[in-house]
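There are 2 protein chains.
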Amino acid sequence: TKAARVCLAARGDPVLDFGLRRAQGLDGGVSASRAAYIGGCAGTSNVLAGKLFGIPVRGTHAHSWVMAFDDELQAFDGFAEAMPQNGILLVDTYDTREGLKHAVAAARRFREKGHRLLAVRLDSGDLDYWSRTARRTLDEAGLTDVKIVASGDLDEYRIDALKRAEAPIDLWGVGTRLATAYDEPALPGVYKLAAIETEQGAMRPCWKLSQQVEKRSPPGVVEVVRAYVDGRARADILYAPHVEARPAGPWYDFQGLPLSFSLEDEENSLKTAEPRLVPLFSRADDAQAGEHEATGLHTVPEAEAVVRARKRAQEELARLPEACLRIRDPQPFPVIVSHKTRQAWSALWNDSAEEPS
Amino acid sequence: TKAARVCLAARGDPVLDFGLRRAQGLDGGVSASRAAYIGGCAGTSNVLAGKLFGIPVRGTHAHSWVMAFDDELQAFDGFAEAMPQNGILLVDTYDTREGLKHAVAAARRFREKGHRLLAVRLDSGDLDYWSRTARRTLDEAGLTDVKIVASGDLDEYRIDALKRAEAPIDLWGVGTRLATAYDEPALPGVYKLAAIETEQGAMRPCWKLSQQVEKRSPPGVVEVVRAYVDGRARADILYAPHVEARPAGPWYDFQGLPLSFSLEDEENSLKTAEPRLVPLFSRADDAQAGEHEATGLHTVPEAEAVVRARKRAQEELARLPEACLRIRDPQPFPVIVSHKTRQAWSALWNDSAEEPS
Numbered sequence: 229t230k231a232a233r234v235c236l237a238a239r240g241d242p243v244l245d246f247g248l249r250r251a252q253g254l255d256g257g258v259s260a261s262r263a264a265y266i267g268g269c270a271g272t273s274n275v276l277a278g279k280l281f282g283i284p285v286r287g288t289h290a291h292s293w294v295m296a297f298d299d300e301l302q303a304f305d306g307f308a309e310a311m312p313q314n315g316i317l318l319v320d321t322y323d324t325r326e327g328l329k330h331a332v333a334a335a336r337r338f339r340e341k342g343h344r345l346l347a348v349r350l351d352s353g354d355l356d357y358w359s360r361t362a363r364r365t366l367d368e369a370g371l372t373d374v375k376i377v378a379s380g381d382l383d384e385y386r387i388d389a390l391k392r393a394e395a396p397i398d399l400w401g402v403g404t405r406l407a408t409a410y411d412e413p414a415l416p417g418v419y420k421l422a423a424i425e426t427e428q429g430a431m432r433p434c435w436k437l438s439q440q441v442e443k444r445s446p447p448g449v450v451e452v453v454r455a456y457v458d459g460r461a462r463a464d465i466l467y468a469p470h471v472e473a474r475p476a477g478p479w480y481d482f483q484g485l486p487l488s489f490s491l492e493d494e495e496n497s498l499k500t501a502e503p504r505l506v507p508l509f510s511r512a513d514d515a516q517a518g519e520h521e522a523t524g525l526h527t528v529p530e531a532e533a534v535v536r537a538r539k540r541a542q543e544e545l546a547r548l549p550e551a552c553l554r555i556r557d558p559q560p561f562p563v564i565v566s567h568k569t570r571q572a573w574s575a576l577w578n579d580s581a582e583e584p585s
Numbered sequence: 229t230k231a232a233r234v235c236l237a238a239r240g241d242p243v244l245d246f247g248l249r250r251a252q253g254l255d256g257g258v259s260a261s262r263a264a265y266i267g268g269c270a271g272t273s274n275v276l277a278g279k280l281f282g283i284p285v286r287g288t289h290a291h292s293w294v295m296a297f298d299d300e301l302q303a304f305d306g307f308a309e310a311m312p313q314n315g316i317l318l319v320d321t322y323d324t325r326e327g328l329k330h331a332v333a334a335a336r337r338f339r340e341k342g343h344r345l346l347a348v349r350l351d352s353g354d355l356d357y358w359s360r361t362a363r364r365t366l367d368e369a370g371l372t373d374v375k376i377v378a379s380g381d382l383d384e385y386r387i388d389a390l391k392r393a394e395a396p397i398d399l400w401g402v403g404t405r406l407a408t409a410y411d412e413p414a415l416p417g418v419y420k421l422a423a424i425e426t427e428q429g430a431m432r433p434c435w436k437l438s439q440q441v442e443k444r445s446p447p448g449v450v451e452v453v454r455a456y457v458d459g460r461a462r463a464d465i466l467y468a469p470h471v472e473a474r475p476a477g478p479w480y481d482f483q484g485l486p487l488s489f490s491l492e493d494e495e496n497s498l499k500t501a502e503p504r505l506v507p508l509f510s511r512a513d514d515a516q517a518g519e520h521e522a523t524g525l526h527t528v529p530e531a532e533a534v535v536r537a538r539k540r541a542q543e544e545l546a547r548l549p550e551a552c553l554r555i556r557d558p559q560p561f562p563v564i565v566s567h568k569t570r571q572a573w574s575a576l577w578n579d580s581a582e583e584p585s
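Quick mapping for you: the protein sequence lines, in order, are chains L and A.
Last residue of the first sequence: 585 (the working numbering), numbering continuous.
Last residue of the second sequence: 585 (the working numbering), numbering continuous.
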């Protein structure tokens with residue numbers, strides 16, 4: 229996901245979700261914050277999402293806080309007084325250099341009151357330049373433990389560039405490009421009818437025929453397993469359970485191009501292949517006492533479900549091929565079709581003239 | 229809006245909102261359908277939005293309807309039986325040429341049962357070519373009154389191109405690019421504090437200073453009027469009510485560049501200028517009996533509010549300059565600042581050194 233990619237780019241630095249104000253609607257903002265946390269973000273500025281899903285709430289004051297006071301230092305002092313436990317000061321409302329000086333002055337007064345300045349936040353300008361300036365200013369004032377938060381139109385590419393340049397940024401606030409759909413304004417999937425149940429209860433395969441092979445839809449009920457090589461996922465393998473009980477190679481990708489496995493890899497990977505389809509609901513007439521309990525679907529509170537999903541996302545990411553996790557030029561994860569199943573599909577496609585029989 | 233632009237491109241042909249399945253969430257889908265209707269769409273395939281806002285519900289069957297039957301003609305006959313009043317057949321599930329033949333056959337059986345085929349729908353391929361083929365096939369079968377609906381990744385640019393080519397399409401189904409944010413994945417606005425109320429109840433101006441003039445924010449409370457020349461909107465004029473009671477020229481755009489009006493135009497446009505800011509809520513202590521009634525804000529049912537908004541949108545569109553309504557290369561509508569107000573702002577900006585006093 230976008231959040232996972234942003235967090236990968238930050239290489240372990242905490243990433244905070246600052247997306248609410250640009251998300252599409254309250255509903256969209258809350259789902260985006262939930263997804264951001266599952267994908268690896270450390271906290272959110274969305275208080276409602278924090279409350280609903282147990283996400284740590286993190287944020288700083290706004291520029292308007294500073295503008296509401298007669299001068300910046302007074303605004304910083306006022307913030308220290310109002311929120312002594314949240315000593316993060318936004319220093320770029322007027323002039324970042326002056327803002328840093330005011331933050332240093334405010335930090336001393338935080339200390340007098342028994343609190344400490346946690347961080348300064350930079351939200352504009354050349355973040356590489358300003359983070360170095362901020363680090364130097366803070367260090368010279370003996371504030372070596374004060375951290376630097378950066379924000380402002382960040383995404384995984386910008387974070388990656390700043391990390392490569394070794395800009396001294398400790399926390400990342402990511403908003404617009406996390407909570408909205410810049411990369412993919414609409415999910416381009418389509419659904420096709422794959423099978424229809426006859427009155428006798430059998431599943432009759434259906435498919436879309438097309439001159440373009442890649443537009444032909446897989447007929448019938450399909451299962452998916454994920455094959456692993458040395459603990460890393462190698463491919464998802466589609467197969468038709470009515471054709472074969474377990475899929476077997478050789479392997480082809482979805483366009484019919486061969487995918488190479490070493491013979492040993494192939495054997496091992498099939499031994500450890502894991503099913504990817506998990507039933508969420510079963511027919512009412514199949515529902516036995518205990519069946520729903522076993523899946524735990526109806527008993528997990530939302531906040532706990534989010535923590536579980538977040539944990540699972542991290543585990544799955546750790547098992548993905550490195551080539552799929554790259555920030556630039558990531559490779560698509562291979563989805564392939566079992567040979568035997570593909571042969572069965574081809575027979576159906578070829579047997580049908582213009583319409584499925 | 230996107231819907232208004234899509235409807236403009238269709239030059240009066242009905243446009244149907246088909247966006248629900250690609251919209252972001254249920255909430256996003258319902259708001260998109262509401263906005264599409266206000267912007268000029270003739271109907272929606274979103275049944276919930278139809279129910280909530282009184283939008284006419286229009287749609288056709290899906291490809292899966294056809295695939296659920298043994299053959300296409302049987303599917304068309306089945307649809308005629310199930311939905312005799314909604315005779316729109318999707319003809320491109322397998323082979324569009326065959327689909328059109330089947331539609332003609334189905335149309336004859338519709339007629340036998342006292343109904344009629346309203347339209348065929350094309351959802352793939354070269355819509356210019358297939359609409360001509362469909363028109364010819366239908367006309368040759370004497371079905372000259374059967375209309376053609378086109379859909380499939382449409383937006384205002386594709387509709388405009390098909391209209392220019394005079395493709396014989398009568399209705400347009402627009403989905404993904406209407407209900408999602410392809411053009412503008414996030415609204416790029418920012419908010420800045422403009423004024424703060426002192427304890428004495430006066431409004432003290434605030435502003436953001438920046439080296440870049442276009443990033444400076446207008447200080448203080450601002451009013452906006454729209455000036456009209458010959459019934460067409462010429463510009464929105466910002467002015468500060470504490471500086472001048474009514475704005476006066478010469479006019480500058482927001483970057484300070486001069487905007488030309490003829491002297492006569494200027495005088496007339498100011499006479500007919502209309503306020504653009506309407507209070508939606510007033511302070512509780514100002515609320516007099518009848519005041520809220522006058523605005524009607526609390527008494528309009530949602531469906532009626534949508535109809536009003538739609539009517540207003542059409543009236544406002546008709547008064548916009550033609551250059552702003554172009555599909556390709558539309559000009560931005562001018563937003564300008566009254567000369568006197570700009571002078572007052574400049575004085576504030578210049579008087580303040582690094583921070584507002």
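Beta carbons are placed, not taken as given, at the ideal position from N, Cα and C, and that holds for glycine.
Computed from a prediction, not measured in an experiment: that's the story for all the values here.
Exercise for the section: Pick out the complete alpha helix (DSSP H) segments inside the stretch 350-402 of chain A, 4 residues or longer, and give them in chain order. Expected result: 355-368, 384-392
Practice task
Return helix, strand or coil for residue 230(A), following the three-state DSSP convention.
Solution key: helix
Handout entry: Span of the alpha helix (DSSP H), counted from its first residue to its last, around residue 490(L)
Key = Here residue 490(L) belongs to no alpha helix (DSSP H), and DSSP marks it neither H nor E.
Problem - Residues near residue 290(A) by beta carbon distance below 8 Å, same chain, minus five either side - result: 318
Problem - residue 249(L) versus 260(L), 308(L), 473(L), residue with shortest Cα-Cα distance - result: 260(L)
Exercise for the section: Give a yes or no on whether 8 Å exceeds the smallest Cβ distance from residue 424(A) to chain L. Expected result: yes
Problem - Short Cβ contact (8 Å threshold) for residue 501(L) with residue 465(L) - result: yes
Handout entry: residue 569(A) - DSSP class collapsed to helix/strand/coil
Key = helix
Exercise for the section: Could you tell me the distance, in whole angstroms, from the CA atom of residue 474(L) to the CA atom of residue 433(L)? Expected result: 19 Å
Exercise for the section: Report, in whole angstroms, the separation of the C-beta atoms of residue 305(A) and residue 406(A), which I expect to be a contact under 8 Å. Expected result: Wrong, their Cβ atoms sit about 32 Å apart, outside the cutoff.
Problem - Three CB pairs or more closer than 8 Å across the stretch 547-560 of chain L and the stretch 349-357 of chain A - result: no
Practice task
Specify the secondary structure class of residue 272(L) as computed by DSSP and reduced to three states.
Solution key: strand
Practice task
Please confirm if residue 250(L) has its CB atom under 8 Å from at least one CB of chain A.
Solution key: yes
Exercise for the section: Below 6 Å CB to CB, which residues in the same chain sit around residue 286(A) once its five sequence neighbours on both sides are set aside? Expected result: 244, 271
Exercise for the section: Look at the alpha carbon of residue 416(L) and the alpha carbon of residue 328(A), and state the distance between them as a whole number of angstroms. Expected result: 27 Å
Handout entry: Three-state class that DSSP yields for residue 283(L) in the structure shown
Key = coil
Problem - residue 446(L) at chain A interface by Cβ criterion, 8 Å - result: no
Exercise for the section: Identify the continuous beta strand (DSSP E) that holds residue 410(L) and give its terminal residues. Expected result: No beta strand (DSSP E) holds residue 410(L); DSSP gives it neither H nor E.
Practice task
Along the alpha helix (DSSP H) that carries residue 474(A), what are the first and last residues, could you check?
Solution key: Residue 474(A) -> no alpha helix (DSSP H), and no H or E assigned at all.
Problem - C-alpha distance - residue 513(L) paired with residue 311(A), whole-angstrom precision - result: Low confidence applies here, because residue 513(L) scores a pLDDT of 49, under 50, leaving its location unreliable and the question unanswered by this model.
Handout entry: Continuous alpha helix (DSSP H) stretch holding residue 543(L): start and end
Key = 530-546
Exercise for the section: Kindly confirm or deny that the stretch 532-547 of chain A and the stretch 363-374 of chain A touch, where touching means at least three C-beta pairs closer than 8 Å. Expected result: no
Practice task
Could you say if the stretch 572-580 of chain L and the stretch 376-392 of chain A meet the contact criterion of at least three C-beta pairs nearer than 8 Å?
Solution key: no
Handout entry: Given 8 Å, three or more beta-carbon pairs between the stretch 392-410 of chain L and the stretch 378-394 of chain A
Key = no
Practice task
Using a Cβ cut-off of 8 Å (strictly closer), state whether residue 430(A) contacts chain L.
Solution key: no
Practice task
Please name the residues in the stretch 374-407 of chain L whose beta-carbon is closer than 7 Å to at least one beta-carbon of chain A, in chain order.
Solution key: 404
Handout entry: Own chain residues within Cβ distance below 8 Å of residue 426(A), not counting five before or after
Key = 432
Problem - CB-CB length for residue 346(L) against residue 315(L), believed under 8 Å - result: 4 Å
Exercise for the section: For residue 413(A), return the contacting residues in chain L, with the cut-off set at a CB-CB distance below 7 Å. Expected result: 408, 409, 410, 413
Problem - Any chain A beta carbon closer than 8 Å to residue 524(L) - result: Per-residue confidence for residue 524(L) stands at a pLDDT of 47, beneath the threshold of 50, marking its modelled position as unreliable; no derived number is given.
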